[in-house]
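Below is one structure, written out as structure tokens, with a few remarks after it.
There are 4 protein chains.
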Amino acid sequence: MKKINVAILGAAGVLGQRFIERLENHPTFEIAALEDVMVGKRYEDATNWRLGERMPAWVKDMKIVSTDSLSLTDASVVFSALPGGVADKIETDLAKKGFFIISKASDHRMDEDVPLVIPEVNANHLGILEEQRKKRGWKGAIVTDPNCSTTIVAMTLKPLWDQFGIERVVVSTMQSVSGAGYPGVPSLDIIDNVVPYIGGEEEKMIIETKKLLGDGKHDANLKVSAACNRVPTLDGHLEVVFVTTTKKAGPAEARKAFQKFKGLDYPSAPSEPIIVTDELNRPQTRLDRNAGNGMSVVLGRLREDEAMGLAYTVLGHNTIRGGAGGAVLVGELCHGKGYI
Amino acid sequence: MKKINVAILGAAGVLGQRFIERLENHPTFEIAALEDVMVGKRYEDATNWRLGERMPAWVKDMKIVSTDSLSLTDASVVFSALPGGVADKIETDLAKKGFFIISKASDHRMDEDVPLVIPEVNANHLGILEEQRKKRGWKGAIVTDPNCSTTIVAMTLKPLWDQFGIERVVVSTMQSVSGAGYPGVPSLDIIDNVVPYIGGEEEKMIIETKKLLGDGKHDANLKVSAACNRVPTLDGHLEVVFVTTTKKAGPAEARKAFQKFKGLDYPSAPSEPIIVTDELNRPQTRLDRNAGNGMSVVLGRLREDEAMGLAYTVLGHNTIRGGAGGAVLVGELCHGKGYI
Amino acid sequence: MKKINVAILGAAGVLGQRFIERLENHPTFEIAALEDVMVGKRYEDATNWRLGERMPAWVKDMKIVSTDSLSLTDASVVFSALPGGVADKIETDLAKKGFFIISKASDHRMDEDVPLVIPEVNANHLGILEEQRKKRGWKGAIVTDPNCSTTIVAMTLKPLWDQFGIERVVVSTMQSVSGAGYPGVPSLDIIDNVVPYIGGEEEKMIIETKKLLGDGKHDANLKVSAACNRVPTLDGHLEVVFVTTTKKAGPAEARKAFQKFKGLDYPSAPSEPIIVTDELNRPQTRLDRNAGNGMSVVLGRLREDEAMGLAYTVLGHNTIRGGAGGAVLVGELCHGKGYI
Amino acid sequence: MKKINVAILGAAGVLGQRFIERLENHPTFEIAALEDVMVGKRYEDATNWRLGERMPAWVKDMKIVSTDSLSLTDASVVFSALPGGVADKIETDLAKKGFFIISKASDHRMDEDVPLVIPEVNANHLGILEEQRKKRGWKGAIVTDPNCSTTIVAMTLKPLWDQFGIERVVVSTMQSVSGAGYPGVPSLDIIDNVVPYIGGEEEKMIIETKKLLGDGKHDANLKVSAACNRVPTLDGHLEVVFVTTTKKAGPAEARKAFQKFKGLDYPSAPSEPIIVTDELNRPQTRLDRNAGNGMSVVLGRLREDEAMGLAYTVLGHNTIRGGAGGAVLVGELCHGKGYI
């Protein structure tokens, strides 16, 4: 089968690097173009490679291209790792030209006619694409996936929402430094320290969760609170979750709901999207972030809670499930559903 | 004025070291005896000194003594840094013999006739000592102060409780490794990691908070949830707090309540027990833990909260305010009120 | 081909865990027995598994056995991850009974008739085994491999020694906490800190290097200095090396010698034992420790040195190349040479 | 006594902040002007204050000024915390205008007629100022102090040099992230990592050491090697030192030389510039960096060395002794000697 050529926007950054890692030897997609600001440079020379494994040899000599020079004959699908703010216009222009954009940027996430998708959670939201194309007169399209911290908790809220309903959720996060990109968080700010604030993050968690749990037209009706904290870890966001369900649900019933939550049949989809653990002191950031090849979330400390009803802790890999891995899975879903 | 001689139990541990630091040049108390397991050794030889400042010269040659050999003529007041479990019998025995014990151990905290005291919060609970002595037939007494994580949040709950009432509180902590003593947390467990569980800690936060906010006879009637996490910081516990007050209180009213919360007139008491900050990204563990000589808590990110009503973040120094400093302040209070 | 059954001594510790990891699906060896102090327990219950990947399922139900109960019909080869001091007698007793011991413990390393082997460096030292058996009247044997920090630098010294001779070497190390086992280094000792001393480590580097570079009978004649430091990293020892060669050698000649240093043809042997890098700021502990599946060392910053002649920096994985991986490679060598 | 008004160049950076900290309540100097790029802003608004203690209240409302607007009537002495490269022209221009510059920048350090001074080491080098002024026709002057890593080791080399002579020195450093300023080292680069290279640092250590130990006209004749490494610590540079002295010196003789090394009688000068410790595992970065109010260096692990003769480990505070504190002491020296 001929593979589908794809371009990566923002390819030299940490998130762009993860895209390259996740798309290496991919059965459906093939990297055909790498976009970033240092146009014309060899990828190796334009990049401060930050992943543990060495840069793949085949990518070193690829030349960085500009968005203007991208052509549909080169690549029809675009994974965007552009920073928020920058992404808006570039993605819109490319979608007009006919590119199918899968974006990690926040700029279009809350547009009414742009799907915000976690494949296991709300694949049906892709249906809105028809309206998007009609309304905007685009040949291409924009699909987004959520902020990393939202993705991790939303995967665990979905089965509760479907089975019991949710009145209110309180989330407190402990997020890794890779979430801020590179150079990102200065070491002077985070060694022996916790920073109790990440700009825009709490708002994203609140509004994106409601869109994700909604029916694709209207947001879900629940109350969400979030406190986002940066801690001295490299990868993996750990989130403490307190939930009041509409229909009372004890830990045993919640566990069943989590375990019944189904994996999809795509190359990047983990067989077990939510891994429930009984070990008292798990999930731990360093030990569990690579579960399911970085695509599962690990849920533990599930217990009855005095003030809210139900409490648990969940961990996910922010730059894989909450980053490039999640977006690639969205791409696979779009391909599987015939949108690509 | 002649100073009051005091003994320290568990003097060689990290908490014992903090007691020595906080009692150096104290206007009321004078260290007369150091107890620990390595009886007979010089203090310097028995101790792996872990504080940033060097061990004071005068303490190096003091000989470690056993609890059996403690005599009332040497020291009538005892600060106990004993580990939970070990403390129970030793403290009881010493109280019988006439010693006035101020204990950091959890063993007697929840005894009905033992005061659990944060001086700014519930000094009046000391009144129960009369009953304790009568009932137990002791000449001495046991007074306790709370677990470190409880102390920090309880100081901020008190003004809300008094002014608005509290229905429910949800707390998620990010606690430093010094909270586990020495050797405590192995570095292999915590570098680039978060551990989402600290044995017994959540239960303590729930029951102690209710006792502290109670009237001295009965626990306060509110719902408390806690999730306790260990993060890679050295000192300082950061706690995210969500509160539903009985009478609705916005951030502005809460702020006023926090700022009116009064400091006491004792040597270790900070003039501002709760420091409220408006900087978006404060309090931070490393930058704020020494506020008020380690005896203030720093509260920030005060905001309206969708799911619970009110949210904020508070930081305190776990081995000073939540440890030796807090206990010394209890001692000063007991002295000021004539119990010592 | 029938695999050779092996036992692991000290199987529940961090090093024992690495042995299990490295021997999983091994073409020659099959784990038949796990020894540790908690005799009779299921392996899963006896172990605080500290590696990033989860404990393999097949090992969970294996029962911990005692050294007394080990029988030659169960396993004829023994990998020892015992602590120094404990290893001496147990290994001797087992060798008497006929077991072939490959030991990571330091106890027998410097015995004249015990080979201390890095397969790429001094495979010929195995010849001394004949004398060992004759002299000691053993059916079994003891082979050792070096201390982790020694292994890493010795691999780079060997090609220099062979080609140019070495007069003096100065090594300053920056070692990870996993080198101290588990629980090992308390987090209070190492967060935001460097500890400039590791008990016994410098002596081992000095004497073991001389034995490794010797002819199997006599130590090599060179001067070695070492300063061993503990830094806040998890895995990987970084070592700064200054060398005065006997025959003058510039960086270009040294580079050729390093690159000609040959890999062996065994399952655990990396094709490139010494990877030379030109990137100015490499090797880095976290980014390079897994090179060659953790079995290569990465050498960089090769340069002329004013005071000593030649300088470079080398990194190796302390619990893989310097630990279980290195010992498994010794086992493969012994098997390949017909000793097993 | 009327204090001398001083200006700080680069006042908003981390080093500038340290200057403010060290000059608060200084008996001789008074801060009269703060220079940085955000001209016109209040100091508080222009600064991301990174020190543990809060920004002093009196400094918050000072307005940032430009170098052009600095006038001799405001401040005649200038402490420069400018970055290398930027400093060259600005400092030259100000010296021409009559300002007395004490600079932490490297730009003029190696100029023949510019003194490079550690007060305890080579106060006599100030004599060259006469030549500087004559040759350059300046009313003002430029005095520099060394790079942080150089300062720390040079203080310990001086007594050895004077008493025994030195043939060769090998230094391997473990440097904190604060050495790179703010934002400086990205946390993604240094958590769980060591970086074996710091641009320009090794060259500075080599050439500056020779100038410092020279007679003020000619460099000292010794061989110096350096390897500079960045480790995950906040403050404090730990340096492993191997020395071959000209006249043989054992550890006992070296210790005497270190202990005889005299402190000066200036406000910032520590009574004991070199603190020698016998504790096996000291100096440690976090525990010892504040010795002598951050102005002493702590030397330990003094021992005979097989390859080089003598070995030891020394620690100093890089942004105090190796930074603002060192420069303020140079200012005090210049004032004491009548140059200011």
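Chains as they are written, first to last, in the working numbering: chain C, -17 to 322; chain G, -17 to 322; chain L, -17 to 322; chain P, -17 to 322. Note that the Cβ used here is the ideal one computed from N, Cα and C, for glycine as well.
It is roughly 16 Å from the alpha-carbon of P:Thr227 to the alpha-carbon of L:Glu288. For G:Val41 against G:Tyr25, the beta-carbon gap comes to about 5 Å, under 8 Å, which counts as contact. As the crow flies, the alpha-carbon of C:Asp270 is around 7 Å from that of L:Gly34. For G:Pro141, none of the residues of chain L pass the 9 Å Cβ criterion, the least Cβ distance being about 34 Å. For P:Tyr164, the closest Cβ of chain C is nearer than 9 Å.
C:Lys78 has its alpha-carbon roughly 54 Å from the corresponding atom of L:Pro249.
Distance from the CA of G:Glu314 to the CA of G:Glu286, rounded to the nearest whole angstrom, comes to 37 Å. Measuring C-alpha to C-alpha distances from G:Val135 to each of G:Gln157, G:Arg115, G:Arg118 and G:Lys121 identifies G:Gln157 as the nearest. In the three-state scheme derived from DSSP, where H, G and I count as helix and E and B as strand, G:Ile83 is classed as strand.
Comparing alpha-carbon positions, the option among G:Ser253, G:Gly(-2), G:Leu98 and G:His90 lying closest to G:Gly161 turns out to be G:Gly(-2). Only Arg268, Leu269 and Asn272 from the segment 249 to 272 of chain L bring a Cβ to less than 8 Å from some Cβ of chain C.
Of all residues in the segment 150 to 181 of chain P, those with a C-beta nearer than 8 Å to a C-beta of chain C are Val159, Ser160, Tyr164, Pro165, Gly166, Val167, Pro168, Ser169, Leu170, Asp171, Ile172, Ile173 and Asp174, reading in chain order. Put simply, the segment 172 to 180 of chain P does not touch the segment 227 to 237 of chain P. Fewer than three CB pairs are less than 8 Å apart.
Counting only runs of at least 3 residues, the segment 136 to 178 of chain L fully encloses the following beta strand (DSSP E) elements, listed from N- to C-terminal order: 148 to 157. A Cβ-Cβ contact shorter than 9 Å links P:Thr215 with P:Val159. When the beta-carbon positions are compared, L:Arg91 and L:Thr126 come within less than 9 Å of each other. Under the 8 Å Cβ criterion, the segment -13 to -2 of chain P does not count as touching the segment 277 to 285 of chain L, having fewer than three qualifying pairs. Residues of chain P whose Cβ lies closer than 7 Å to the Cβ of C:Leu33 do not exist, since the nearest Cβ in that chain is about 10 Å away.
Interface flag for L:Arg303 against chain C is unset, since no Cβ pair is found closer than 9 Å. In this chain, G:Arg271 is not harboured by any beta strand (DSSP E), its DSSP state being neither H nor E. Annotation for C:Ala28: Ala(-6), Asp18, Met20 and Ile46 place their beta carbon closer than 8 Å to its own, counting only its chain and skipping 5 residues before and after. If you draw a straight line from the Cα of L:Glu6 to the Cα of L:Ile13, it comes to about 8 Å. L:Lys71 carries a helical assignment under DSSP once its states are collapsed to helix, strand and coil. Within the segment 81 to 97 of chain G, no residue has its Cβ closer than 8 Å to any Cβ of chain C. Remark: C-beta atoms of C:Ala293 and G:Ser207 approach each other more closely than 9 Å.
From the beta-carbon of G:Gly307, no residue of chain C is found nearer than 8 Å; the closest lies around 20 Å away. Straight through space, the alpha carbons of P:Asp95 and P:Val312 are spaced by roughly 17 Å. If you look at P:Leu(-9), you'll find it in the beta strand (DSSP E) that goes Ile(-14) to Leu(-9). Here G:Ala251 is actually not in contact with G:Pro128; their C-beta atoms are around 16 Å apart, not less than 8 Å. Residue-level contact by beta carbon holds for C:Leu216 and chain P, with a gap shorter than 9 Å. When the beta-carbon positions are compared, C:Lys140 and C:Phe243 come within less than 9 Å of each other. In this structure, the beta-carbon distance from G:Val222 to G:Phe240 does not fall below 9 Å.
A direct Cα-Cα distance of roughly 11 Å separates G:Ala69 from G:Ile83. Going by DSSP, G:Arg212 is part of the beta strand (DSSP E) stretching over Lys205 to Arg212. Collapsing the DSSP output to three states places L:Glu221 in a strand.
Annotation for P:Trp120: Ala77 and Lys78 place their beta carbon closer than 6 Å to its own, counting only its chain and skipping 5 residues before and after.
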